[in-house]
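A.B. asks:
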Amino acid sequence: MKSAKTEIIEESLIIKQVEKICSSAEFKTKELLCRFLSFVILEHLAGRGDKLKGYTIAVDVFKRDEDFDPGQDALVRINAGRLRRMLDLYYLKEGKYDKIKIEIPKGGYNPKISFRINDEINENEVSRQHQKDGFGTEPGIAVLSFANRTGQPENDYLAQGISEELSVELTKYEDLTVYNFNLLSHENSENYNLKKLAKKRGVRFVVEGAIQKSDTQIKTLVRLIDLMDEKQIWAQSYTREFNLNNLFDIQESISKEIASIIGSEFGIIPRKLTGEFSKQDYVDINVYDAVLKYYHFQLHLSEKTGAEAYEALFKAYSNEPESAVINALLGAFYGNNYSLDFPGSEESYKLLAEFTERAFVLKPDSLIVNASLAYKCFLYNEKERFFEMVQKCLSSGLNTTLRVGAMAFYTCLYGDWEKGKKILDNVMARNVGYPLYFHGVTLLYYYGKQDYKQALNEACKYNVPAIFWSPMLRAAVYGQLNDVVKAKIQISELLKLKPDFEPKARYLISIYVKEDELVDHILRGLQMAGLKII
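First residue of the sequence shown? That's 5 in the numbering used here, and the numbers climb one at a time after it.
#1: Taking 9 Å as the cut-off, decide whether the C-beta atoms of Lys-97 and Arg-120 are in contact.
#2: Using a Cβ-Cβ cut-off of 6 Å (strictly less than) and excluding sequence neighbours within five positions of Gln-458, which residues of its own chain qualify?
#3: Skipping 5 residues on each side, what residues in its chain have a beta carbon closer than 6 Å to that of Tyr-242?
#4: Using the rule of at least 16 other Cβ atoms within 10 Å of the residue's Cβ for burial, across every protein chain shown, is Asp-285 buried or exposed?
#5: Just to confirm before moving on: does the CB-CB distance between Tyr-379 and Gly-335 stay below 9 Å?
#6: Enumerate, from N- to C-terminal direction, the unbroken beta strand (DSSP E) stretches of 3 or more residues contained entirely within the region 38-123.
#7: Taking the CB atoms as reference points, tell me whether Leu-477 and Ile-427 lie closer together than 9 Å.
#8: Straight-line CA distance for Leu-296 to Glu-158?
#9: Run the CB neighbour count on Ala-163, radius 10 Å, all protein chains shown included, and call it buried at 16 or more, exposed below.
#10: Across which residues does DSSP place Glu-245 in a beta bridge pair?
#11: Less than 8 Å between the CB atoms is what I'm expecting for Leu-87 and Leu-37, so what's the real figure, rounded?
#12: For Ile-145, report the span of its beta strand (DSSP E) as first-last.
#13: Any idea which residues DSSP pairs Asp-504 with across the strands?
#14: Do you know how far the Cα of Asp-69 is from the Cα of Tyr-298?
#15: I need the DSSP call for Glu-158, collapsed to helix, strand or coil.
#16: Candidates Ser-474, Val-63, Leu-447: which alpha carbon is nearest Cys-416's?
#17: Spatial neighbours of Ile-19 within its chain, please: C-beta separation below 7 Å, excluding the five flanking residues on both sides.
#18: In terms of residue numbering, what span does the alpha helix (DSSP H) encompassing Ile-254 cover?
#19: Between Ala-313, Ile-82, Gln-454, which has its C-alpha nearest Asn-323's C-alpha?
#20: Alpha carbon to alpha carbon, what distance is there between Ser-171 and Asn-195?
#21: Could you check which residue in Pro-469, Ala-533, Val-517, Val-468 has the C-alpha nearest to that of Val-488?
#22: Based on Cα-Cα distance, which residue from Ile-222, Arg-227, Gln-221 lies nearest to Glu-212?
#23: What did DSSP end up calling Lys-465 once you bin it into helix, strand or coil?
#24: Buried or exposed: which applies to Cys-381, given that a residue is buried once 16 or more other Cβ atoms fall within 10 Å of its Cβ?
#25: Does the beta-carbon distance from Ala-214 to Phe-150 come in below 9 Å?
#26: Near Thr-154, what residues of its chain come up, given a Cβ to Cβ distance below 8 Å and the 5 sequence neighbours on each side ignored?
#27: When DSSP labels each residue in this structure, what does Phe-346 get in the three-state scheme?
#28: At the level of alpha carbons, what is the spacing between Pro-74 and Tyr-94?
#29: When we look at the beta-carbon of Phe-252 and count the other beta-carbons within 10 Å, is it buried (16 or more) or exposed?
#30: Run through the region 358-445 for me and flag every whole alpha helix (DSSP H) of 4 or more residues, listed as ranges in chain order.
#31: Count the C-beta pairs between the region 359-371 and the region 313-331 that are closer than 8 Å, then say yes if the count reaches three, no if not.
#32: Which residues does DSSP list as the beta-bridge partners of Val-207?
#33: Nearest-angstrom Cα distance between Lys-423 and Gly-409?
#34: Does the beta-carbon distance from Cys-26 to Ser-42 come in below 9 Å?
#35: Would you say Leu-174 and Val-210 are within 9 Å of each other, going by their C-beta atoms?
#36: If you drop the 5 nearest sequence neighbours on each side, which residues of the same chain put their C-beta closer than 6 Å to that of Val-468?
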């Protein structure tokens, strides 16, 4: 690539390039980074670029006080790293053919500005970068119009209705970027190339399908294709009894089920991407990668997955401190630390509130944020606000495994057992890969009704070896069943995981179980199992 010194590039062209960058899809929501970029460019054009220091940027861009110490506060260095990465991403995507390139070389803040000659860009380099970044940092998905295979053109509306309803349902999943296929197909020929579509719009996954119909039944065929390698990664068929009166119900129920299987926290796409991410290091961590690590931790609770999730979240936060999702999940992570009485639980209690409340300020309409804030309200015993957040999450109509399941889980523990369990049963029935700790609530549901045999059935499914709640609740059930031998085995496991449980029993149980009567009931079971409850 040829380059030229900044002096021979007209200032007006440089200013226009900055304006173009800041109005791009990558930058338009990042006002702080745009201010940062504009400031260093103006200083550079004024001949003061080589004098740019972290202190000056902190005071003039980030409005820090004059006593700001850049040696103690990494604010400017962190955001400079973010700006470099965002500029790299911009020039790989929207600015791929721009004639002027702006860079912030490492080790300083003085920008480098050069001319670019597009036809001399190394095509192999672009190809490699596109393979890595061309599909975006969040998974893009498009729903193709479903085919009408009934042999009757008048049934086109049935196929179109399914694809449109599915697009609507997928849009409810914040982890996915859903593209309007009708808009994309309008720009291409009828036999458009899917890879070209993916490269142009960042779509990695495509859903396509077809309908078949008899006099009394309608059958929907659907498959999911990964355009990275053009492989089919999932397929399913759905058959429903059909009449005109239940048409909308059919379209809605099928679309909800497909969307949940594909896009929920433990769906096909997150599992696919989690497998890829596990092979990478944490150098180029981004928000979605961190989200995947958090989901993996929730599904497979262990010290190892917890450490991996925290590292991913913390590094993503360092890169994107204004990400509402990362703030929310970090808050939820600290909530886990507090509620399970891990070391530093008092500090985690404070950080839980700090991060979740900040996330809510940043993005109050996000379901991820609202779910995390509901968890904070639950742990802070803010009952009225908790149910307000729960209602906000559930009213979206979204059936995500983790967020809706968690809302139902905590609703039960706050005493609304019938409502919470009904929702939780639905989530567990629809999603095979739900977190096993959900069975802790179903266990307590039957335990509270003194149906200890059914509680034991649920206890056998509550296999979460990393936390003390599993053996603790099993011990209480065995205590109520007067099975002292099996109860002692569970007590031994409990005390290995939580040696100080006996003096803290009531406190630890009360963090989650909000009904005093049920807390006493659990404690009696533990005493019958042989624990010395203080």
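Don't be surprised by glycine CBs; every beta carbon is placed ideally from N, CA and C. Every value quoted in this text rests on a predicted model; they were computed, and no experiment measured them.
C.D. replies: Walking through what the data contain:
#1: No, the pair does not count as a contact, with Cβ atoms beyond the cut-off.
#2: Counting only residues of its own chain and dropping the five nearest sequence neighbours on each side, Gln-458 has a CB closer than 6 Å to the CB of Tyr-450.
#3: Correct list, in chain order: Thr-224, Ile-258.
#4: Note that Asp-285 scores a pLDDT of 40, beneath 50, so its modelled location is shaky; the value from the coordinates is reported in the next line. Exposed is the label assigned to Asp-285, since fewer than 16 other Cβ atoms lie within 10 Å of its Cβ.
#5: Gly-335 is positioned such that its CB atom lies closer than 9 Å to that of Tyr-379.
#6: Secondary structure in the region 38-123: the beta strand (DSSP E) runs of 3 residues or longer, each lying completely within the stretch, are 104-107, 116-119 in chain order.
#7: It is not a contact, given that the beta carbons lie outside the stated cut-off.
#8: Here the C-alpha atom of Leu-296 lies approximately 43 Å from the C-alpha atom of Glu-158.
#9: Buried, by the Cβ-count rule.
#10: Paired residue(s): Gln-221.
#11: Rounded to the nearest angstrom, the Cβ distance from Leu-87 to Leu-37 is 5 Å, consistent with a contact under 8 Å.
#12: Unbroken beta strand (DSSP E) run through Ile-145: 144-147.
#13: Bridge pairing for Asp-504: absent [DSSP].
#14: Distance between the alpha carbons of Tyr-298 and Asp-69: 36 Å.
#15: Three-state DSSP puts Glu-158 in a helix.
#16: For the residues Ser-474, Val-63, Leu-447, the minimum Cα distance to Cys-416 belongs to Leu-447.
#17: In the same chain as Ile-19, and ignoring 5 residues on each side of it, no C-beta atom comes closer than 7 Å to its own.
#18: Per DSSP, Ile-254 belongs to the alpha helix (DSSP H) from 251-267.
#19: Per the C-alpha coordinates, the member of Ala-313, Ile-82, Gln-454 positioned closest to Asn-323 is Ile-82.
#20: Unreliable positioning characterises Asn-195 in this predicted model, as indicated by a pLDDT of 32, which lies under 50. A coordinate reading is not provided.
#21: Sorting Pro-469, Ala-533, Val-517, Val-468 by C-alpha distance to the C-alpha of Val-488 places Ala-533 at the top.
#22: For the residues Ile-222, Arg-227, Gln-221, the minimum Cα distance to Glu-212 belongs to Arg-227.
#23: For Lys-465, the secondary structure class from DSSP, reduced to helix, strand or coil, is helix.
#24: When all chains shown are included, Cys-381 counts as buried.
#25: Yes; because the gap between Cβ atoms is below 9 Å, this pair is in contact.
#26: Closer than 8 Å at Cβ, skipping near neighbours: Leu-162, Ile-215, Gln-216, Lys-217.
#27: Reduced to three states, the DSSP call for Phe-346 is coil.
#28: Cα to Cα, the separation comes out at about 28 Å.
#29: Exposed, since its Cβ has fewer than 16 Cβ neighbours within 10 Å.
#30: List check, alpha helix (DSSP H) in window: 371-383, 387-398, 405-417, 421-434.
#31: Touching, yes, given that three or more Cβ pairs across the two stretches are closer than 8 Å.
#32: Paired residues: none, contrary to the question.
#33: If I take the Cα positions, the gap works out to 12 Å.
#34: The answer is yes: Cβ separation under 9 Å.
#35: No. Outside cutoff.
#36: Correct list, in chain order: Leu-305, Leu-440, Tyr-441, Ser-474.
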